[in-house]
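Each protein sequence line maps, in turn, to chains X and C.
Its first residue numbered 1, the first sequence is counted upward by one per residue in the UniProt record's numbering.
Its first residue numbered 1, the second sequence is counted upward by one per residue in the UniProt record's numbering.
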Amino acid sequence: MAGKAWRSAIQNLLRQWGFSFNDMEKTKAQELSQVVGVMMRESPQPRTFIRGMQTVTLIPGDGIGPEISSSVMKIFEASKAPIQWEERNVTAIQGPGGKWMIPPDAKESMDRNKIGLKGPLKTPIAAGHPSMNLLLRKTFDLYANVRPCVSIEGYKTPYTDVDLVTIRENTEGEYSGIEHVIVDGVVQSIKLITEQASQRIADYAFEYARNNQRASVTAVHKANIMRMSDGLFLRKCREAAEKHKDVKFTEMYLDTVCLNMVQDPTQFDVLVMPNLYGDILSDLCAGLIGGLGVTPSGNIGANGVAIFESVHGTAPDIAGKDMANPTALLLSAVMMLRHMGLHGHAKKIETACFDTIRDKKVLTKDLGGNSKCSEFTNAICQRVQDME
Amino acid sequence: MASHSAVLSMSRLLSPFRGGLLGNPTKVFGTTLTSHRNKTLLTGDNIPPPAKYGGRHTVTLIPGDGIGPELLNHVREVFRFSCVPVDFEVVHVNSALETDSDMDNAITAIRRNGVALKGNIETKHTLPPSVKSRNNVLRTSLDLYANVMHCQSLPGVQTRHKNIDIIIIRENTEGEYSSLEHESVSGVVECLKIITRNNSLRIADYAFRLAREKGRRRVTAVHKANIMKLGDGLFLQCCREVASGYPEITFDSMIVDNTTMQLVSKPQQFDVMVMPNLYGNVVSNVCAGLVGGPGLVPGANYGQAYAVFETATRNTGKSIADKNIANPTAMLLASCMMLDHLQLYDYASLIRNAVLTTMNETRLHTADLGGQGTTSEVVQSIMRIIQSKGQLISEF
Chain X
1 MAGKAWRSAI QNLLRQWGFS FNDMEKTKAQ ELSQVVGVMM RESPQPRTFI RGMQTVTLIP
61 GDGIGPEISS SVMKIFEASK APIQWEERNV TAIQGPGGKW MIPPDAKESM DRNKIGLKGP
121 LKTPIAAGHP SMNLLLRKTF DLYANVRPCV SIEGYKTPYT DVDLVTIREN TEGEYSGIEH
181 VIVDGVVQSI KLITEQASQR IADYAFEYAR NNQRASVTAV HKANIMRMSD GLFLRKCREA
241 AEKHKDVKFT EMYLDTVCLN MVQDPTQFDV LVMPNLYGDI LSDLCAGLIG GLGVTPSGNI
301 GANGVAIFES VHGTAPDIAG KDMANPTALL LSAVMMLRHM GLHGHAKKIE TACFDTIRDK
361 KVLTKDLGGN SKCSEFTNAI CQRVQDME
Chain C
1 MASHSAVLSM SRLLSPFRGG LLGNPTKVFG TTLTSHRNKT LLTGDNIPPP AKYGGRHTVT
61 LIPGDGIGPE LLNHVREVFR FSCVPVDFEV VHVNSALETD SDMDNAITAI RRNGVALKGN
121 IETKHTLPPS VKSRNNVLRT SLDLYANVMH CQSLPGVQTR HKNIDIIIIR ENTEGEYSSL
181 EHESVSGVVE CLKIITRNNS LRIADYAFRL AREKGRRRVT AVHKANIMKL GDGLFLQCCR
241 EVASGYPEIT FDSMIVDNTT MQLVSKPQQF DVMVMPNLYG NVVSNVCAGL VGGPGLVPGA
301 NYGQAYAVFE TATRNTGKSI ADKNIANPTA MLLASCMMLD HLQLYDYASL IRNAVLTTMN
361 ETRLHTADLG GQGTTSEVVQ SIMRIIQSKG QLISEF
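Written out as structure tokens, the structure is:
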């Protein structure tokens, strides 16, 4: 590698590990050797796995979770993907000091494997502890929620040719949960925007665009009203754009994005935004391609942790009846394979899934057919094996 | 009104005893009762139209930036052609200035006339954060608490969804648009979202009264109370309280992300929607997109004593300014809403019918609807239709 690229690679790594730089140019030789030493010791797991099985933590979840997880495992087995599953349960337990946390074996498994696949989790009401999704987010510092929305050929919606990705900041913003009653009848809710989190998400968005051959990144904001907060977010996005000149950068108001999205979604590519706008827009885009039952999603955390999940609910009314649709979890698993660099297997499974849906012979109830989940799974397995 | 007069008559009865223990009961009951009773402003029909002098109304006109000036010129052209008895007092606001004197003039003019028609004023990011969005300043100073937008599918416009008929009522003054921000630590910015009981009750009351007046069956409150439990929880609670007073109208609530998902798949299920400020921004833009775009939907901002009319999606349209391709429909329909507010119903329906006939029957569309027409061609067509209907002759 050329000198400058080597230095910037080390700087990126250092930044990832929490060292901050004030002066970009002067890296002392001592620091450099220190870093090289650390790198030699650390031997991070390479993303592209050439040989051997990769272990992935599987969290089946509640409701229809176990059925769709077993569907996914079956399909992966049929396609001979080099994935080994480690099943874990994440019911909240109360640790020392009364703090709610996930079971230690789940945490240890995740930290070791770095990649996870999660089914839908039940959100308890009045159980005393926060929602499991929130707990997972806090435990692994999952700062980016990535949702690629691609129109599915066999599933007709009024919108065709949708192909965009929403990247949402997942930790702060309007969902910081800081609320006070100032006077009786007046409530104040605080939206928090920090420089660090905004920079992290902006950098991730451009990295994602670069790694997935995306042409442009659009920052969504409302800086005309929220000058300082969204202004800070926008500044960080502009700085990240400067560092990634090969990706085009535009900025657009939230209302303009909504307006144009429902008229012509093809004009958007990668969208990056703070928490609340991301929540609304990602669900809007999911609605464009057919709803939460067919949308994959991934959460990227610090330290290389990535948890891929299906975002629909637990559907307790159809749990155990073999009626569930495993598409969302399957597409999330495909996203996971791409993240790990196993593009061949990802393409195979994804094509099998889309072909089965396009065929319309075996479809689950929510897609318009009346087949069972197991029949749908078997159809996909058959297609995958035929592709060998 | 009955209870108010009952209290007054009671006080008259008790006046001989005023010096004693009871005091004046109107002082105790009067303020709360009267303040609620004065809110008879529904769609603006109950207050007498202001500034009517010599049979002509005066309306403040704020051209704004982008396509605002040219569209408002067309409105004036159509009004002059149809002999509408409205005079416009034009007030310019320069968005590049850092001082507020321009806005103060505009606000005083609106206070004087009571009614305004405006284009969108641009907010420049390069100015320091102390210079707030001028449109927002206008809305909060005049306390225009309700933003009403009626989205209807037009038969002449090709859209993906048909038969949409949604009224969106959006709280216009507080919520996320309070513009209260501070940077307590360097790199950490806090933005406050304020929800108050009074404003939530006010907007919910407005929504239900409007629904009742228009004969609507269902009101949906849009919120995010699962995350913002106190803030949106308060809003939802106020809506429920007001809903209990309108038993013939069904009330339900929906979380905002589910709402947007439902809007793009099945928008026909919605009837009237009420929501706080930011969600109102998102939902109103989504609905405007669903019925055909920003050039078609008019919007109105109502307060207790003032009303300001503009396009619903408040776009400046800088990229299409002065090119004669902007769609004049939204601004013309907004001016018709203004004429309704001034109780000039005949003129309003004349112009509205002409606009809708051009849109639906002659199918002369501008570029945003996929047509080839220019703004001036559309306006000429509208004026031709008005002329063919016979101009209104005044009674003198």
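Glycine residues also receive a C-beta, built at the ideal position from the N, C-alpha and C atoms.
Legend entry - Buried/exposed call for residue 187 (chain X), threshold 16 Cβ in 10 Å: Looking at its Cβ environment, which holds 16 or more other Cβ atoms inside 10 Å, residue 187 (chain X) is buried.
Legend entry - Helix, strand or coil at residue 312 (chain X) [DSSP, three-state]: Note: residue 312 (chain X) maps to coil in three-state DSSP.
Legend entry - 6 Å Cβ shell around residue 99 (chain C) - same chain, five flanking residues per side excluded: Residues of the same chain with a CB within less than 6 Å of the CB of residue 99 (chain C), apart from the 5 flanking positions on each side, do not exist.
Inset, instruction - My understanding is that residue 366 (chain X) touches residue 325 (chain X), with C-beta atoms under 8 Å, so please give their C-beta distance in whole angstroms. - result: About 5 Å separates the Cβ atoms of residue 366 (chain X) and residue 325 (chain X), confirming a contact at the 8 Å cut-off.
Inset, instruction - Would you mind telling me which residues of chain C sit closer than 7 Å to residue 360 (chain X), beta carbon to beta carbon, in chain order? - result: Neighbours of residue 360 (chain X) on chain C: none; closest Cβ ~19 Å, over 7 Å.
Inset, instruction - Identify, in the order they occur along the chain, each residue of the same chain with its Cβ nearer than 6 Å to the Cβ of residue 21 (chain X), setting aside the five sequence neighbours on each side. - result: Because the pLDDT at residue 21 (chain X) is just 49, under 50, the model does not fix this residue reliably, and the value given afterwards should be weighed accordingly. Within the same chain, no Cβ atom closer than 6 Å to the Cβ of residue 21 (chain X) is found once the five residues on either side in sequence are excluded.
Inset, instruction - Assess, as a yes-or-no matter, whether the region 86-100 of chain C is touched by the region 200-218 of chain X under the definition of 3 or more beta carbon pairs within less than 8 Å. - result: No, the region 200-218 of chain X is not in contact with the region 86-100 of chain C.
Legend entry - Minimum Cβ-Cβ distance from residue 260 (chain C) to chain X less than 8 Å: Using a CB distance cut-off of 8 Å, residue 260 (chain C) counts as an interface residue toward chain X.
Inset, instruction - Select from X:269, X:142 and X:135 the residue whose C-alpha is nearest the C-alpha of residue 115 (chain X). - result: The shortest Cα separation from residue 115 (chain X) among X:269, X:142 and X:135 belongs to X:142.
Inset, instruction - Put residue 176 (chain X) into one of helix, strand or coil per three-state DSSP. - result: Correct three-state label for residue 176 (chain X): strand.
Inset, instruction - Under 8 Å Cβ to Cβ from residue 363 (chain C), same chain only, skipping five residues before and after it: list those, please. - result: Excluding residues within five positions, the ones whose Cβ falls inside 8 Å are 156 and 371.
Inset, instruction - Specify whether the region 377-384 of chain C and the region 176-192 of chain C touch according to this definition: at least 3 beta carbon pairs, one from each stretch, less than 8 Å apart. - result: For the pair of segments examined, the region 377-384 of chain C was found not to touch the region 176-192 of chain C: the number of CB pairs separated by less than 8 Å stays below three.
Inset, instruction - Can you tell me which of the three DSSP states residue 214 (chain X) falls into? - result: The answer is coil: DSSP assigns residue 214 (chain X) none of H, G, I, E or B.
Legend entry - Per-residue contacts from residue 263 (chain X) into chain C (C-beta, under 7 Å): Chain C residues near residue 263 (chain X): 289 and 293.
Inset, instruction - Go to residue 190 (chain X), then tell me how far its beta strand (DSSP E) extends in each direction, as first and last residue. - result: Run containing residue 190 (chain X): 186-194, per the beta strand (DSSP E) assignment.
Inset, instruction - Check whether the region 309-325 of chain C touches the region 287-305 of chain X, counting contact only when three or more Cβ pairs, one atom from each stretch, lie closer than 8 Å. - result: Judged by Cβ distances under 8 Å, the region 309-325 of chain C makes no contact with the region 287-305 of chain X, as fewer than three pairs qualify.
Inset, instruction - Would you mind giving the Cβ-Cβ distance between residue 118 (chain X) and residue 59 (chain X), rounded to the nearest angstrom? I have them listed as a contact below 8 Å. - result: Contact holds; Cβ gap of about 4 Å.
Inset, instruction - Please check if any C-beta of chain C sits within less than 8 Å of the C-beta of residue 21 (chain X). - result: For residue 21 (chain X), the predicted model reports a pLDDT of 49, less than 50, meaning its position is unreliable; a value from the coordinates is still stated below. Chain C contact via Cβ: absent.
Inset, instruction - Give the DSSP-derived three-state secondary structure of residue 304 (chain C) in the structure shown. - result: DSSP places residue 304 (chain C) outside both helix and strand once states are collapsed to three, so it counts as coil.
Legend entry - Contacting residues, own chain, Cβ-Cβ under 7 Å from residue 235 (chain C) (five flanking each side not counted): Excluding positions up to five away in sequence, the list reads 195, 200, 223 and 276.
Legend entry - Paired residues, beta bridge with residue 144 (chain X) - DSSP: The beta-bridge partner set that DSSP reports for residue 144 (chain X) consists of X:169 and X:300.
Legend entry - Closest Cα partner of residue 279 (chain C) within the set C:369, C:112, C:220 and C:139: Cα-wise, what sits closest to residue 279 (chain C) is C:220.
Legend entry - Min CB distance residue 258 (chain X) to chain C below 8 Å: By this cut-off, residue 258 (chain X) is an interface position.
Legend entry - DSSP bridge partner residues for residue 253 (chain C) (one or two, in chain order): According to DSSP, residue 253 (chain C) bridges with C:221.
Inset, instruction - Could you spell out the range, first to last residue, of the beta strand (DSSP E) harbouring residue 385 (chain C)? - result: Taken as a continuous stretch (DSSP letters only), residue 385 (chain C) belongs to no beta strand (DSSP E), being part of the alpha helix (DSSP H) at 375-389.
Inset, instruction - Taking all protein chains shown into account, decide if residue 222 (chain X) is buried (16 or more other Cβ within 10 angstroms of its Cβ) or exposed. - result: With 16 or more other Cβ atoms from the protein chains shown falling within 10 Å of its own Cβ, residue 222 (chain X) counts as buried.
Inset, instruction - Identify, in the order they occur along the chain, each residue of the same chain with its Cβ nearer than 7 Å to the Cβ of residue 159 (chain C), setting aside the five sequence neighbours on each side. - result: Contacts found: 153, 290, 291 and 292.
Legend entry - Simplified DSSP state of residue 83 (chain C), which is helix, strand or coil: Residue 83 (chain C): coil per DSSP, three-state reduction.
Inset, instruction - For residue 139 (chain C), count neighbouring Cβ atoms within 10 angstroms of its own Cβ and tell me buried if that reaches 16, exposed if not. - result: With at least 16 other beta carbons inside 10 angstroms of its own, residue 139 (chain C) counts as buried.
Legend entry - DSSP state of residue 175 (chain C) mapped onto helix, strand, coil: Looking at residue 175 (chain C) - three-state DSSP - the assignment turns out to be strand.
Legend entry - Residue of C:85, C:93, C:285 and C:243 minimising C-alpha distance to residue 263 (chain C): In this structure, C:285 is the residue among C:85, C:93, C:285 and C:243 with its C-alpha nearest to the C-alpha of residue 263 (chain C).
Legend entry - Under 7 Å from the C-beta of residue 161 (chain C): neighbouring residues of chain X: Within chain X, the residues near residue 161 (chain C) are 158.
Inset, instruction - Mind the definition here: the region 144-164 of chain X touches the region 173-182 of chain X only if three or more C-beta pairs lie below 8 Å; say whether that holds. - result: The region 144-164 of chain X is not in contact with the region 173-182 of chain X.
Inset, instruction - Quick one: residues in its chain with C-beta nearer than 6 Å to the C-beta of residue 148 (chain X), no 5 flanking neighbours on either side, listed in chain order? - result: Hits under 6 Å: 165.
Legend entry - Range of the contiguous alpha helix (DSSP H) that encloses residue 226 (chain X): For residue 226 (chain X), there is no enclosing alpha helix (DSSP H), since its DSSP letter is neither H nor E.
Inset, instruction - Within 10 angstroms of the Cβ of residue 238 (chain X), are there 16 or more other Cβ atoms? Answer buried if so, exposed if not. - result: Exposed is the call here.
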